[in-house]
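S.K.: Have a look at this one before I ask anything.
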Amino acid sequence: MVTSFVCVFVYVSAAHRNADMVINGYVLGGLCGAGIAGNLLSVVVLQHDKDNKRNSTNWLLQAHAVFDSLYLLARLLARQFQYLACQQLDWLPAAVSGQFGAAAPYIASCASFAHMVSIWTLGCARTVIFTLL
């Protein structure tokens, strides 16, 4: 089956499984939601700065916020797909579960790419800021 390389979850007990569900479902989802909301607010604030709208630093910070949001979303989706692929859920057909398992590594690769671009844009923004100081 396709999901054998994705399923790395070993649960000692039902309490461990429930803790994993809470941490990866609710806590991770809440942190990613807060991060995406913060990135959206920073893009909105930097867009409304009329004096420095053409500033390269603002452009790089906006690009960083966008790619950071893409990273958070892709990482959250990849983790949820891995979780759904490895669970024996009654309401989820086995064929759909296998598709989640097949898609999870590709989404994780997209998350890694977005993370790399996010780090590079932040590094470029810092270089521009420190060069101007």
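Residue numbers (my numbering): 37 to 169.
Here a beta-carbon is modelled for each residue, glycine too, at the ideal position from N, C-alpha and C.
No experiment lies behind these values; they were computed from the predicted model shown.
So the candidates are Leu-97, Ala-70, Ala-73; which of them puts its Cα closest to the Cα of Gln-83?
M.R.: Within the sequence shown, the letter at position 47 stands for residue 83. Cα-wise, what sits closest to Gln-83 is Leu-97.
S.K.: Can you grab the Cα-Cα spacing for the pair Phe-52 / Thr-163, in whole Å?
M.R.: In the sequence shown, residue 52 corresponds to position 16, counting from 1. In the sequence shown, residue 163 corresponds to position 127, counting from 1. Inspection of the sequence shows that residue 52 is occupied by His rather than by Phe. Cα-Cα distance, rounded: 45 Å.
S.K.: Quick one: using the 10 Å Cβ neighbour count with 16 as the cut-off for buried, is Phe-166 buried or exposed?
M.R.: Within the sequence shown, the letter at position 130 stands for residue 166. That one is exposed.
S.K.: Helix, strand or coil: which one does DSSP assign to Asp-85?
M.R.: If you number the sequence shown from 1, residue 85 lands on position 49. Three-state result, Asp-85: coil.
S.K.: At 4 residues or longer, and completely inside the stretch 62-137: list those alpha helix (DSSP H) runs for me, N to C.
M.R.: Taking only runs of at least 4 residues, the alpha helix (DSSP H) segments lying wholly in the stretch 62-137 are 64-83, 92-122.
S.K.: Quick one, which of Asp-126, Leu-125, His-100, Gln-116 has its alpha-carbon nearest Ser-78's?
M.R.: Counted from its first residue, the sequence shown places residue 78 at position 42. Considering only alpha carbons, the answer is His-100.
S.K.: Have a look at Ala-147 and Ser-49 and give me their C-alpha separation to the nearest angstrom.
M.R.: Residue numbering aside, residue 147 sits at position 111 when the sequence shown is read from its first letter. Residue numbering aside, residue 49 sits at position 13 when the sequence shown is read from its first letter. Rounded to the nearest angstrom, the two C-alpha atoms are 31 Å apart.
S.K.: By the three-class DSSP mapping on this structure, what secondary structure does Ser-145 have?
M.R.: Your numbering for residue 145 matches position 109 in the sequence shown. Three-state result, Ser-145: helix.
S.K.: Here's a check: name, in chain order, each residue in its chain whose Cβ is nearer than 7 Å to the Cβ of Val-153, leaving out the five neighbours to either side.
M.R.: Residue numbering aside, residue 153 sits at position 117 when the sequence shown is read from its first letter. So the list reads Phe-103, once near-sequence residues are dropped.
S.K.: Taking buried to mean at least 16 other C-beta atoms within 10 Å of its own C-beta, is Gly-137 buried or exposed?
M.R.: What you label residue 137 is simply residue 101 of the sequence shown in a count that begins at 1. Gly-137 is buried by the Cβ-count criterion.
S.K.: If you draw a straight line from the alpha carbon of Ser-133 to that of Asp-85, how long is it in whole angstroms?
M.R.: In the sequence shown, residue 133 corresponds to position 97, counting from 1. In the sequence shown, residue 85 corresponds to position 49, counting from 1. Ser-133 and Asp-85: Cα-Cα distance of roughly 46 Å.
S.K.: Are Phe-117 and Ala-139 close, meaning C-beta to C-beta below 8 Å?
M.R.: As a working mapping, residue 117 is identified with position 81 in the sequence shown. As a working mapping, residue 139 is identified with position 103 in the sequence shown. Result yes, Cβ atoms of Phe-117 and Ala-139 sit closer than 8 Å.
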